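Participant:
Residue numbers (the working numbering): 857 to 1074.
Have a look at this one:
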């Protein structure tokens, strides 16, 4: 008897995660566009925690930054809640429309942020409890970038600031997560086109029409 071979299931959720300056936003936009252009409806979703917006508000109010405005614990709670709402909205809309959700950040970004800020502990436990309602992405790309490279990119865009030490700690936090072995690690130190090619090649191993089409992209 010939066994039945089932084609690989098309991913419903693709998450791009990594430290600030790793290129998540650029690559998530590119991936959503590429999938849609090849007949696989997809939508980009930005699941930011609002730290950059809150930082601008803090400076407008005469404070140094978002942490100076809310305190470390208050900022983490604000960030966790805002990101939870953003992810919930993205998943609901994607489910209703049948589109692939290309996530610029996901739940693991909050766990890494908490580990970087306060070392995990009860704060991470509570975040994991709240975020447990969300399904794990079918594919999670971890854009791995050197702290110095990420720092230069952040300084170049000129909208916010992070120290090299903080970026190094954030990268270490991602690597310490229990989810890390499931990530598809992308070398994000190259040009945007080089990073895009790696992502397409990684998606190609999923098989099926989507994978073959993405492998053929220039």
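Glycine included, C-beta positions come from ideal geometry on N, C-alpha and C.
This structure is a prediction, so every number in the text was calculated from the model and none was measured.
(1) Under the DSSP definition of a beta bridge, which residues are partnered with residue 834?
(2) Which residues mark the beginning and the end of the alpha helix (DSSP H) in which residue 994 is found?
(3) On the DSSP bridge list, what partners appear for residue 902?
(4) Give the C-beta separation of residue 874 and residue 1022 to the nearest angstrom, bearing in mind that I take them to be a contact with Cβ-Cβ under 8 Å.
(5) In the structure shown, what three-state DSSP assignment does residue 1054 receive?
(6) So, are the CB atoms of residue 1018 and residue 879 less than 9 Å apart?
(7) Can you check DSSP and say which residues form a bridge with residue 998?
(8) Do the stretch 1047-1054 and the stretch 986-996 make contact, defined as three or more Cβ pairs closer than 8 Å?
(9) Does the stretch 882-891 come within contact of the stretch 953-964, defined as at least 3 CB pairs closer than 8 Å?
(10) Identify whether residue 950 lies in helix, strand or coil by the three-state DSSP scheme.
(11) I'd like the list of long-range same chain contacts for residue 1038, defined as Cβ closer than 7 Å, with 5 residues on each side in sequence excluded.
(12) Would you give the residue range spanned by the alpha helix (DSSP H) that residue 1027 belongs to?
Facilitator: If we stick to the structure as given:
(1) No statement about residue 834 is possible, as the shown extent of the chain runs from 857 to 1074 and does not include it.
(2) Within the chain shown, residue 994 is the residue found at index 138, counting from 1. No alpha helix (DSSP H) contains residue 994, which DSSP labels as neither H nor E.
(3) By one-based count along the chain shown, residue 902 stands at place 46. Beta-bridge pairing links residue 902 to 960.
(4) Mapped onto the chain shown, residue 874 falls at position 18. Mapped onto the chain shown, residue 1022 falls at position 166. Rounded, the Cβ-Cβ distance is 14 Å, inconsistent with contact.
(5) By 1-based counting over the chain shown, the position of residue 1054 is 198. Helix, per DSSP.
(6) Here the question's residue 1018 lines up with position 162 in the chain shown. Here the question's residue 879 lines up with position 23 in the chain shown. Judged by beta-carbon spacing, residue 879 lies beyond the 9 Å limit of residue 1018, meaning their Cβ atoms are not closer than that value.
(7) Here the question's residue 998 lines up with position 142 in the chain shown. DSSP output for residue 998 lists 873, 1041 as bridge partner(s).
(8) Cβ pair count under 8 Å is below three, so no.
(9) Yes, the stretch 882-891 touches the stretch 953-964.
(10) Locating residue 950 in the chain shown gives position 94, where the first residue counts as 1. Residue state for residue 950 is assigned as helix, using DSSP reduced to three classes.
(11) Against the chain shown, residue 1038 aligns to sequence position 182. The answer, listed in chain order, is 996.
(12) Indexing the chain shown from 1 puts residue 1027 at position 171. Per DSSP, residue 1027 belongs to the alpha helix (DSSP H) from 1020-1032.
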